[in-house]
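Beneath this line is the structure, given in C-alpha cells, with notes to follow.
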Amino acid sequence: MLERKTVSQTKTKRSKISKETKRQLLHYMTLSRRIEHRIERVLYRQGKIVGGVYVGRGQEAISVATAIHMLDNDIVAPTHRDMGIFLICGVSERRIIAQYMGRKTGVTQGKDGNMHMGDLKHNIIAFVSHLGDNVPVAAGAALTFKMRGQDNVAFCYSGEGATSRGDWHEGVNFACVHKLPIVFFINNNQYAYSTPIELQMPVKDVADRAPAYAMAAEVVDGNDALAVYESAGRAVDWARSGKGPYLVEYKTFRMTGHSAHDDAGYVPKELFEEWARKDPIERLQKHMIDAGELTAEGIESMENEITAIIDDAVDWADKSPYPDPEDCLKGVYHEGR
Amino acid sequence: MALTTYLEAIRQGIWEEMERDERVFVLGEDVGVYGGAFKVTKGMLDHFGPERVVDTPISESAIVGAAIGASYLGMRPVAEMQFIDFISCCFDQITNFAAKSRYRWGAGVPIVIRGPSGGNTHGGPFHSQNVESYFYNTPGLKIVQPSTAYDAKGLIKAAIRDEDPVLYLEHKYLYRRIKEELPSEDFVVPIGEAAVRREGSDLGIITYGAMVYNALDAADILAKDGVETEVLDVRSLQPLDENAILETAMKTNKVIVLHEACLTGGAGGELAARIAEKAFDFLDGPIIRVAAKDTPVPFSPPLEEYFLPQVDDVVDAARKLLAY
Ligand SMILES: Cc1ncc(C[n+]2csc(CCOP(=O)(O)OP(=O)(O)O)c2C)c(N)n1
Ligand SMILES: [Mg+2]
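Rendered as C-alpha cells:
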C-alpha cells in the first residue's frame, strides 16, 4: 500500500517555476477573482444574473494552478467553484458571462446556468449539480485514454463534501482498480454549505481516504499557488506515466457564502479574518515582487487589462439575445441524420 | 389571526409531530445549525437538540438508508432532500429497500422523504424537477403533494403518522407565495383524499401541486365565457382518490389532466387511463393532458416559461375540449 505523503515531504524548489508561468498563474487567478466578483457582487445585485451564483473566492489558486498542467486532449471534469478552469481551457469570457445571464450566446445557450456548463471542444465535461457524479464519468474518460494507449490524463475536481457521496467512492475505486490515468483534485474549503468538515467525515484529511484505494495522495496548501502548481505537476506526471490515480487535497477556505444569497453567518468571523491573510492572489503578488518578477505598475496594468476584458464581456453578453422560447424543444435528441 | 405560509405550515407540522411523538426526528444536509436550505427545519436544533435534528454528510443514500434502519427499530424519521432533484442519488434505498420491505417480509417502513420540488424559479435542470413519475411505478410508496398551507401541514402530519414510506413533495414556488389562516388545534389531511377547489359542471381540471393555481386562474378566465369549471386537487397520487376523479369526470363530461411534470410518462397518463376505463360512457370529448414539455427543465427564463404549462395553455386546451 502506498503511504500518503505529507506537504513537508514533498516541498520542492520553487526556483524551477519560470517567471512567465507565475505571470500566467497570477493573470488567471486575478481574472477568475474579478469575473466572479463582477458576477456575484455587481451583476447579481443589478438583477442581471439568472438563478444562483457560486463562486471560488479565495480558492482561485486551486483551479488555475492545477488546470494549467493540461496538455492537448487531456480532459477535465470541474466542480462548481472552478471558474479558472474554464478560462484556462479557453472558454471566452463573453460566453461565460452570457451563460450567467441566461442568454442564447452562453456556453449552454440558456439550457443551463452558472457553473453548469461544459464544452468538449475545450475538453471540459459539464458539471451536474449532483455532487460526486463527475468522478465515475472522469474515470470513464481515463479508461478510454488507457484503452487507446493515449498518454492523456483526466483532471477530476471535487469539494471535500462531495467525497461523502457513494458515486465519488465508486469512481475512485474503479479508477484505482484499473490504474487509470486520472488525478483527483480536492478543494477542501472546510465547509459544505453550512456543514463543517467534522460533520462531513471522521478523518482529518480527505487524503486519508486514499490508502484504502492504494492511491498516491498528498495534502497541500491550496492558497499557495506555487505549491499547488508543483504538486499538481507531480500528480499529473505520475498519472501520465502510467502509475495510476493520484489525489491531491488542497486546504483552502471559501471566502464567501455557499452562494450569493447565503451570508455564511455560521462561519466564525475569525476564520474569515485568518484566511483573508492567506489570500492566494496577494501571496503570489508578494512573492513575485520580492523576487523582482513583478512591480506595482505590473499589477496595475494586469488589473486594467482584466477590467477591459470583463467590461467587454459584460457589454457583449448584455447585448446578446435570450434564447427563443421554442429553443426549449431543441437538442433533447440527436438532430440530423 | 396571522397568516401561515406553505413553508411555515410544513415546519409547524413537523415541529408539532416532534412534540407529540418522541420517535419523530429529522435528518438531512444542513438541517441543523442552518435550519435547512429553505429554512423548513429552522429552530429545531435549538429546541429538540442534535439527537433529533441530525446534520448529515452529503450522502443521500445514507440519509434514506439510515431512516429506514431507524424505522425498523420504531423511530419515525423525516428525511430531507436539500432539493428533491437529489433524490435520484437514493433511488435504490427508496425503491428497493423501503418500498418492498413490508411486502417481502412484513416489516413496515414508516418514514417520510420530503423536499422542495418544481420549477418556475430559474433553477435549471437540477433544481427544478418534479420527480413523482420516477417513483409512481413503484408499489409500496405513497406519494403526496400539497398545494395549500392547510394541506401542507395536514399532509406532513399524516405522512409522519403513516405506517408506510411517504414521498412528500413540496413545491418550492409555493413556499412563501401561498399563505392562509390555519386552525390552532391539531388536524391531519388524510392521505388518499382529493379536494374540490372549485365546483363546476361544464369542464373538469384534475391537477395537483402548483398547477392547482394555474387551473383556478384558467377557470376564472373561462367563467367570463360562462363556462363553469371544476378544479380537483388530487393531493395524493398514491393512494389515488379514484372516486373523486371519476366523480369530477362523470359530472363535467369533459376532462383536462394538468401537471407540471413532463407529459410523457407523467402521472397524467395514469389519471387519464383510469377515467377512460371507468367513466368512458360519461365523456363527451377526449381526455386532454396539459403538462410540461418533454425536455429537461431549461434554465433561461423564456425557455422555462415555454417549458412549463401556462394558464393560457390550459385555457386553449379547454376551448378545444369545449368545442366537442
Ligand atoms: C448529491 C447532492 N446533494 C446535495 C447537493 C446540494 N449542494 C450543493 S453544493 C453543496 C455543498 C458542497 O460542498 P463541497 O463539496 O465541500 O463543495 P464546496 O461548495 O464547499 O466548494 C451541497 C450540499 C448537491 N449539489 N448534490
Ligand atoms: Mg467544501
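Chains as they are written, first to last, in my numbering: chain A, 906 to 1242; chain B, 411 to 734.
Quick reminder that beta carbons are idealized off the backbone N, C-alpha and C, glycines included.
Fair warning: this is a prediction, and the values are worked out from it, not measured in the lab.
For the set A/Glu1135, A/Lys1183, A/Tyr1098 and A/Ile1215, the Cα lying nearest the Cα of A/Asp1167 is the one of A/Tyr1098. Contact check for B/Phe709 against A/Gly1015 passes: the beta carbons are separated by less than 8 Å. A/Phe1089: member of the beta strand (DSSP E) spanning Ile1087 to Asn1093, first to last residue.
Listed by position in the chain, the residues whose beta carbon lies within less than 7 Å of some heavy atom of ligand 2 are A/Gly1064, A/Glu1065, A/Gly1066, A/Asn1092, A/Asn1093, A/Asn1094, A/Gln1095, A/Tyr1096, A/Ala1097 and A/Arg1159.
Residue pairing by DSSP puts B/Thr415 in a beta bridge opposite B/Lys589. Considered as a whole, the region 488-566 of chain B harbours 522-527 and 552-554 as its complete beta strand (DSSP E) runs of no fewer than 3 residues, in chain order.
Contact check for A/Phe1090 and A/Tyr1134: beta-carbon distance about 12 Å, past the 8 Å limit, so the pair fails to qualify. If you ignore the 5 residues before and after B/Gly564, its C-beta comes within less than 7 Å of the C-beta of Phe597, Val598 and Val599, all in its own chain and listed in chain order. Between the region 1112-1127 of chain A and the region 987-998 of chain A there are fewer than three inter-stretch CB-CB distances shorter than 8 Å, so the stretches are not counted as touching. Using a cutoff of 7 Å, the CB of A/Ser1034 counts as near ligand 1, since one of the ligand's heavy atoms is closer than that. Remark: the shortest separation between the CB of B/Gln492 and any heavy atom of ligand 1 falls under 7 Å. Proximity to A/Arg938 across A/Glu1208, A/Asp1223, A/Val1219 and A/His1192 peaks at A/Glu1208, based on C-alpha coordinates.
Here B/Arg699 is buried. Its C-beta has 16 or more other C-beta atoms within 10 Å. Residues of the region 1052-1074 of chain A with a C-beta atom less than 8 Å from some C-beta of chain B are Gly1066, Ala1067, Ser1069, Arg1070, Gly1071 and Asp1072, listed in chain order. Rounded to the nearest whole angstrom, the C-alpha separation of A/Asp1024 and A/Asp1142 is 25 Å.
Assignment of beta-bridge partners to B/Ala702 by DSSP yields B/Cys672. Any Cβ of chain B closer than 8 Å to the Cβ of A/Thr1100 would place that residue at the interface, and such an atom is present. A residue is called buried once 16 or more other Cβ atoms fall within 10 Å of its Cβ, and A/Leu931 is buried on that count.
Chain B places no beta carbon closer than 8 Å to that of A/Tyr959, leaving this residue out of the contacts.
Using beta-carbon distances, B/Glu715 counts as an interface residue toward chain A, with a partner under 8 Å.
When Cβ-Cβ separations below 8 Å define contact, A/Leu1036 makes contact with chain B. Listed along chain A are Gly956 and Gly957, each with a C-beta nearer than 8 Å to that of B/Gly533. Close to B/Asp440, with beta-carbon spacing below 7 Å, are these residues of chain A in chain order: Tyr1098, Ser1099 and Thr1100. Taken in chain order, the members of the region 466-491 of chain B whose beta-carbon sits within less than 7 Å of a beta-carbon on chain A are Pro467, Ile468, Ser469 and Ser471.
Of the heavy atoms belonging to ligand 1, at least one sits nearer than 7 Å to the Cβ of A/Arg1070. Only residues of its own chain outside the window of five on either side were considered, and among them Ile973 have a CB closer than 7 Å to the CB of A/Gln929, listed in chain order.
Looking at B/Ala477, B/Pro711 and B/Pro526, the one whose alpha-carbon comes closest to that of A/Pro1228 is B/Pro711. At least one CB of chain B lies nearer than 8 Å to the CB of A/Gly1018. Straight through space, the alpha carbons of A/Leu1189 and A/Ala1196 are spaced by roughly 10 Å. The residue from A/Ile922, A/Glu925, A/Tyr933 and A/Lys921 with its alpha-carbon nearest to that of A/Thr1212 is A/Tyr933. In this structure, the CA atom of B/Arg421 is about 5 Å from the CA atom of B/Val450.
In terms of beta-carbon proximity, A/His1239 stays away from the interface with chain B, with every pair separated by 8 Å or more. For the options A/Thr926, A/Glu925, A/Gly1007 and A/Met1020, the alpha carbon positioned closest to that of A/Gly961 is the one of A/Met1020. In this structure A/Val1088 does not touch A/Val1111 by the C-beta definition: roughly 14 Å separates them, more than the 8 Å allowed. Using a Cβ-Cβ cut-off of 8 Å, B/Ser710 counts as an interface residue toward chain A, since at least one Cβ of chain A sits closer than that to its own. If you draw a straight line from the Cα of B/Pro520 to the Cα of B/Lys552, it comes to about 11 Å.
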